[in-house]
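Just so you know, the protein sequences line up as chains S and H, in that order. Terminal number for the first sequence in the working numbering: 275, no gaps in between. Terminal number for the second sequence in the working numbering: 279, no gaps in between. By construction, the Cβ of each residue, glycine as well, lies at the ideal position given by its N, Cα and C atoms.
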Amino acid sequence: MATWQEMVNSRANTLLKGIKDFVVETGELSYFAGRFFKETLKPPFEFKELLRQCYQMGNRSLVLVGVTGFIIGLVLTLQSRPTLIEFGAVSWMPNMVGISIVREIGPVITALICAGRIASGIGAELGSMRVTEQIDAMEVSGTNPFKYLVVTRILATTLMLPLLVVFGDIIALYGSALVENLKGDVSFQLYFNTVFDALSYGDLIPATIKSFFFGFVIGLVGCYKGYYCKKGTAGVGVAANTAVVTASLLLFVVDFIAVFVSDIFYEL
Amino acid sequence: MNYNMEKDDNITQAQKAASMETIETKKLVINIKDLRKSFGDNHVLNGFNLKLHEGENLVVMGKSGSGKSVMIKCLVGLMQADSGYIEVMGQEVNTLDQDHLDALRADIGFLFQGSALYDSMTVRENLEFPMRRHKEKLGNVVDTEPLVLEALENVGLGHTMDLMPAELSGGMKRRVALARTLILKPKVILYDEPTSGLDPITAKEIIELMRTIQRKYNTSSLIITHDVDCARVISERMILLVDGINYAEGTFAQLSASTDPKVEAFFKK
């Protein structure tokens, strides 16, 4: 039986290994991001592949983002309605829903959905390309696989996510307006007029800026996990899985930083 | 497996030995000296040496995990060797910058063990892909279709141009991969286990194709394999890679007649 000293040593070693792995992975991810910026600015540019990736990631995510946005708008309104009625503040519904969706719920939910769909997809795709030596084949043929596979995907997610967020926000507001129209006899025009009156550039700009960062994080993590996938089919599964988990966690970190920074600007 | 193709072409081992003497006077295409590569405590290559001459078919045989694929990957710069000297067509690979390495790679064809066709592209796009960066080598062609068709017809698959790799059988994938290595008209072709995972008939077809291509384009070939029958049919010279070094060298006939237990182990049925 292990003594308490051995148990403490074992736990301490596990903890130290965990910290070391975290530091190493953070360093590698930072290096990967640095390489992305370097390669992005260096010709030749892969415009055709970038457009293809934008289509794959943007257009193919519309239904998922739309359905989720619609349900979020619907549920948020239905859940908030009784409380607002209790306080006699139901007329504030469009303002409350509009601001919360545009500033926070829309970008975060859309980013989380895209982390699930896009980051795992990129992780699995690049992972299987690594395992089946397709990335090596590209390199041997004189094409820079980092530029062709990684740069295009990260740029595509960075450019497409803000558009998906805007699309998701609009659909969510329609969902909310539908509930208000059915339950409170509020016309769509009145609902949207109230929402737009309540919103300011201070709500829209930080949300849009952070959506770009969300997109960057999703693409970066998905590509990093896939590009350095360990050998074997099990490695592909791990790459897809850890891409979603890491991207989702990083999204919350980025969200916290974005809210913190935008708060400083509000106070100025 | 017994491909038994020497009889078809009337090439005897004696003729091969004679042609070997001629080959050794030809220009060196690949020169590897004292190549070393380790993964932690696992010393895979411990001072491997290799010389490949113009127009020669050299087979490197070794057990699984003996470092054959590592050696071939160091050769094209896919892996960094710990130490040693690698020269390909007069250029030292380890000292080349990325642009020069890419230019050198245009003269090297690489057939991967699992074919490594790009899943998301059609056969045509797979073949066009290497041309993207090396159009000047092909005379800045605008219409790539004739080149793609020629490469595919060389491997007897002209009709598969618009198919996806998933629609092809294992043997067809290997042939398309071979066509892709040919598209840039390389001077040297590296084959990593060209017959692995194929049935004997398809393997025989692939070997026959390799010989036809070698004759047609006068390429030098470095073939990594552990398939004795493949080695017997295609090799002009062989190197046995054991414990990270070139343990034995010679023609197939010389090595298969060896009484050294480590050499014998390769040729035992």
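Item                                                                                                                     : Value
MET100(S), enclosing alpha helix (DSSP H) - first and last residue                                                       : 100–107
Closest residue to ARG242(H) among ASN228(H), GLY260(H), ARG225(H), LYS226(H) (Cα-Cα distance)                           : GLY260(H)
GLU146(H), buried or exposed, once every other Cβ within 10 Å from all chains shown has been counted against 16          : exposed
Beta strand (DSSP E) segments (min. 3 residues) lying fully within the stretch 169–228 of chain H                        : 198–202
Closer than 8 Å at the beta carbon, the chain S residues around LEU88(H)                                                 : ASP143, GLU146, VAL147
Beta-carbon proximity list for ALA205(S), same chain, < 8 Å, skipping 5 on both sides                                    : PRO101, ASN102, GLY105, ILE106
Option in ASN41(H), PRO204(H), PHE262(H), ASP253(H) with minimal Cα separation from GLY75(H)                             : ASP253(H)
CA-to-CA distance, VAL151(H) to GLU274(H), given in whole angstroms                                                      : 51 Å
Interface residues of chain S facing GLY124(H) [CB-CB closer than 8 Å]                                                   : THR139, GLU140
Closest Cα partner of ALA184(S) within the set VAL31(S), VAL82(S), GLN141(S), LEU69(S)                                   : VAL82(S)
C-beta neighbour in chain S for LEU197(H), strict 9 Å                                                                    : It is Lys, not Leu, that sits at residue 197(H) in the sequence shown. Cβ-Cβ to chain S under 9 Å: no for LYS197(H).
Residues that HIS236(H) bridges to, as DSSP identifies them                                                              : For HIS236(H), which the question treats as bridged, DSSP gives no partner whatsoever.
8 Å Cβ cut-off: residues of chain S touching PRO140(H)                                                                   : SER148, GLY149, THR150
Assigned exposure category for PHE203(S) - 16 Cβ within 10 Å defines buried                                              : exposed
Candidates GLY182(S), LEU166(S), ILE78(S), LYS190(S): closest to PHE199(S) by CA position                                : GLY182(S)
Classification of HIS110(H) by the beta-carbon crowding that lies within 10 angstroms, buried from 16 upward             : exposed
Other residues of its chain near GLU138(H): CB distance less than 7 Å, five sequence neighbours each side excluded       : THR154, VAL158
Bounding residues of the beta strand (DSSP E) (the contiguous stretch that carries PHE120(H))                            : 118–121
Segment contact flag, the stretch 165–185 of chain H with the stretch 171–181 of chain S, C-beta cutoff 8 Å, min 3 pairs : no
Beta carbon proximity, HIS144(H) to chain S, threshold 9 Å                                                               : yes
Positions along the stretch 112–123 of chain H whose CB lies within less than 8 Å of some CB in chain S                  : ASP112, ALA113, ARG115, ALA116, ILE118, PHE120, PHE122, GLN123
CB contact check: PRO50(S) to chain H, cutoff 9 Å                                                                        : no
Touch test, the stretch 139–153 of chain S against the stretch 107–123 of chain H, Cβ-Cβ under 8 Å, three pairs minimum  : yes
Positions along the stretch 206–234 of chain H whose CB lies within less than 8 Å of some CB in chain S                  : none
GLY100(H), buried or exposed, once every other Cβ within 10 Å from all chains shown has been counted against 16          : exposed
Element boundaries [alpha helix (DSSP H), containing LEU250(H)]                                                          : It is not in any alpha helix (DSSP H) - LEU250(H) instead sits in the beta strand (DSSP E) that spans 247–252.
For ALA254(S), the nearest candidate out of ALA241(S), ASP270(S), VAL186(S), TYR231(S) (CA to CA)                        : TYR231(S)
Backbone secondary structure at TYR208(S) - three-state DSSP                                                             : helix
Check whether LEU45(H) and ALA91(H) have beta carbons under 9 Å apart                                                    : yes
Selection from GLU187(S), PHE263(S), MET136(S), THR150(S) that minimises the alpha carbon distance to GLU53(S)           : THR150(S)
Whole-number beta carbon distance between MET71(H) and MET248(H), since they are thought to touch under 8 Å              : 6 Å
Euclidean distance between Cα positions of ILE199(H) and LEU265(H)                                                       : 24 Å
Cβ pair count under 8 Å reaching 3, the stretch 124–132 of chain S against the stretch 240–260 of chain S                : yes
Residue of GLY229(S), GLY244(S), LYS154(S), VAL30(S) minimising C-alpha distance to LEU48(S)                             : LYS154(S)
Whole alpha helix (DSSP H) elements within the stretch 31–115 of chain H, 4-residue minimum                              : 78–85, 108–115
Contiguous alpha helix (DSSP H) assignments of at least 4 residues, all confined to the stretch 145–207 of chain S       : 159–191, 195–205
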